[in-house]
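If you're matching positions, the sequence shown starts at 1 in the UniProt record's numbering and goes up one per residue. Quick reminder that beta carbons are idealized off the backbone N, C-alpha and C, glycines included. Keep in mind the model is a prediction, meaning the values are calculated, not measured. Notes follow the structure.
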Amino acid sequence: MFKLGQRVVIVADSFEQGLPLGEYGYLIARDRNPDSAFSWVLRIPKIDKHIAVVEEDIVLEEQLLAEEANRISHEALLDFALATRNEALFRQLMGMEDAEEANDEPAKESMEEFIRKVNIKAWI
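The following block contains the structure:
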């Protein structure tokens with residue numbers, strides 16, 4: 001997934017090393033020692049240190065930027081749907097279309113069918 005020289009962002013500190021969360025760094029080496037828990041050596045320019053990190057603690061900067069752009073566009077569409085009172089767009093963004101279809105089914109059934117279902121449940 002990662003390559004040497006890539007710019008990454010520190011998102012976690014699994015081994016409580018005092019990593020500066022949210023700071024960026026560059027991958028300068030891969031630790032292939034099977035006895036080591038760490039998989040990468042990271043150069044952090046802000047603190048001028050080399051630190052060994054696990055792969056779960058770092059994320060590519062491009063991936064973080066793409067996730068943030070998706071989140072912002074989703075929020076902007078929600079704001080637009082609320083401002084224009086566009087209920088269909090709001091339901092689509094919130095993933096409520098399945099609930100709408102489920103609510104329509106009981107309304108479509110006839111009175112005789114409803115009474116039959118109630119009588120069957122009452123018999124049990």
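C-alpha distance - M96 paired with R30, whole-angstrom precision: 45 Å
For V118, three-class secondary structure by DSSP: helix
Just confirm the distance between the C-beta atoms of V8 and E61, as a whole number of angstroms; I'd bet it's less than 8 Å. 6 Å
Neighbourhood of G5 by C-beta distance below 7 Å, restricted to the same chain and skipping five residues each side: Y26 and L27
Round the Cβ separation of D57 and L19 to the nearest angstrom and send it over; I've been treating them as touching at under 8 Å. 7 Å
A66, DSSP secondary structure in three states: helix
Bridge-paired residues (DSSP) for G25: V8
From E87 to A81, what distance separates their C-alpha atoms? 7 Å
Between which two residues does the alpha helix (DSSP H) holding L93 run? E87 to M94
Roughly how many whole angstroms lie between the Cα atoms of M1 and M94? 32 Å
Mind checking whether V59 and S39 have CB atoms under 8 Å apart? no
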